[in-house]
Amino acid sequence: DSGVTQTPKHLITATGQRVTLRCSPRSGDLSVYWYQQSLDQGLQFLIQYYNGEERAKGNILERFSAQQFPDLHSELNLSSLELGDSALYFCASSLDGQGRQPQHFGDGTRLSIL
Amino acid sequence: SQQGEEDPQALSIQEGENATMNCSYKTSINNLQWYRQNSGRGLVHLILIRSNEREKHSGRLRVTLDTSKKSSSLLITASRAADTASYFCATAAFVGGTSYGKLTFGQGTILTVHP
Numbered sequence: 001d002s003g004v005t006q007t008p009k010h011l012i013t014a015t016g017q018r019v020t021l022r023c024s025p026r027s028g029d030l031s032v033y034w035y036q037q038s039l040d041q042g043l044q045f046l047i048q049y050y051n052g053e054e055r056a057k058g059n060i061l062e063r064f065s066a067q068q069f070p071d072l073h074s075e076l077n078l079s080s081l082e083l084g085d086s087a088l089y090f091c092a093s094s095l096d097g098q099g100r101q102p103q104h105f106g107d108g109t110r111l112s113i114l
Numbered sequence: 001s002q003q004g005e006e007d008p009q010a011l012s013i014q015e016g017e018n019a020t021m022n023c024s025y026k027t028s029i030n031n032l033q034w035y036r037q038n039s040g041r042g043l044v045h046l047i048l049i050r051s052n053e054r055e056k057h058s059g060r061l062r063v064t065l066d067t068s069k070k071s072s073s074l075l076i077t078a079s080r081a082a083d084t085a086s087y088f089c090a091t092a093a094f095v096g097g098t099s100y101g102k103l104t105f106g107q108g109t110i111l112t113v114h115p
């Protein structure tokens with residue numbers, strides 16, 4: 001058990017819809033990362049938060065947004081969903097925000113767009 | 001796009017044999033990490049090797065790092081059926097004096113260990 005909790009585990013929705021993925025980091029970790037895993041693109045970094053503030057952005061679409069709340073949990077919002085957004089979305093957390101410590105991954109949210 | 005390239009893409013061995021996976025990367029790094037992913041599950045951190053280290057051991061795992069060649073290898077000795085999984089290398093970049101937290105992953109090696 002990594003200590004990182006992601007909900008929901010599975011999400012099935014239709015094109016054009018909006019969904020929210022939730023992540024609770026491991027106790028004590030200040031940094032949260034979101035990654036997308038798909039067959040064609042592999043594991044791609046989306047966005048990083050550190051202690052409530054956005055720290056880095058990767059290949060995140062404008063239709064996607066995220067935030068980290070004062071209690072350090074994070075949410076990833078995906079809107080105007082397209083078929084290509086179907087993927088496994090992972091949240092990870094780490095103690096520092098500079099890559100010097102391992103990241104601990106949740107089990108992911110599997111998003112299926114019909 | 002994926003920075004890292006891993007080879008082989010797939011590896012099939014018998015229990016008790018050793019498994020070696022290789023990873024190459026492109027940018028300067030703070031460290032390189034290896035992760036394991038069982039089918040459809042989250043990634044599990046295996047080992048982290050810093051840019052000033054050349055070799056690191058953890059149980060049956062041995063990782064080497066050659067920063068001059070921008071490459072790393074993961075050796076799993078005396079493999080077990082339970083080692084069957086996908087293995088990913090990931091790099092934390094160090095550019096312009098700044099360490100970056102985001103990880104850049106390779107495409108992964110699918111390891112199958114037959115009992």
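Chains as they are written, first to last, in my numbering: chain A, 1 to 114; chain B, 1 to 115.
Ideal placement from N, C-alpha and C gives every residue a C-beta, glycine not left out.
Please read all numbers here as calculations on a predicted model, not as lab measurements.
Rounded to the nearest angstrom, the gap between the Cα atoms of residue 83 of chain A and residue 111 of chain A is 10 angstroms. Beta-bridge partners of residue 31 of chain B (DSSP): B:50, B:92.
For residue 84 of chain B, DSSP records no beta bridge to any residue. Scanning its chain for C-beta atoms nearer than 6 angstroms, with the 5 sequence neighbours on each side dropped, one finds around residue 72 of chain A the residues 25, in chain order.
Fully enclosed beta strand (DSSP E) runs of no fewer than 3 residues occupy 64 to 68, 74 to 78, 87 to 94 of the region 55 to 112 of chain A, in order along the chain.
Listed in chain order, the positions of the region 24 to 45 of chain B with a beta carbon within less than 8 angstroms of a beta carbon of chain A are 30, 31, 33, 35, 40, 41, 42, 43, 44, 45. Annotation for residue 33 of chain B: 45, 46, 47, 48, 49, 89, 90, 91, 92, 103 place their beta carbon closer than 8 angstroms to its own, counting only its chain and skipping 5 residues before and after. Listed in chain order, the non-local C-beta contacts of residue 87 of chain A below 7 angstroms within the same chain comprise 36, 37, 38, 111, local neighbours out to five positions each way being set aside. In this structure, residue 89 of chain A lies away from residue 81 of chain A, with their beta-carbon atoms at least 8 angstroms apart.
Per the Cβ contact rule, the region 61 to 70 of chain A is not in contact with the region 16 to 25 of chain B (fewer than 3 Cβ pairs under 8 angstroms).
When C-beta distances to chain B are compared with 7 angstroms, the residues of the region 20 to 49 of chain A below that value are 31, 33, 42, 43, 45, 48, in chain order.
Using a Cβ distance threshold of 8 angstroms, residue 31 of chain A and residue 48 of chain A count as a contacting pair. Spanning the alpha carbons of residue 41 of chain A and residue 92 of chain A requires a straight line of approximately 18 angstroms. As the crow flies, the alpha-carbon of residue 43 of chain B is around 12 angstroms from that of residue 108 of chain B. Relative to the Cα of residue 27 of chain A, the nearest Cα in the group A:12, A:105, A:46 belongs to A:105. Judged by DSSP secondary structure, residue 19 of chain A falls within the beta strand (DSSP E) whose first and last residues are 19 to 24. The Cβ atoms of residue 31 of chain B and residue 100 of chain A sit closer than 8 angstroms to each other. The criterion of a C-beta distance shorter than 8 angstroms is satisfied by residue 70 of chain B and residue 25 of chain B. Annotation for residue 62 of chain B: the continuous beta strand (DSSP E) segment containing it runs 61 to 66.
Counting the other CB atoms within 10 Å of its CB gives residue 66 of chain A a total of 16 or more, which places it among the buried residues.
Within chain A, no residue has its CB atom less than 7 angstroms from the CB of residue 87 of chain B, the nearest being about 12 angstroms off.
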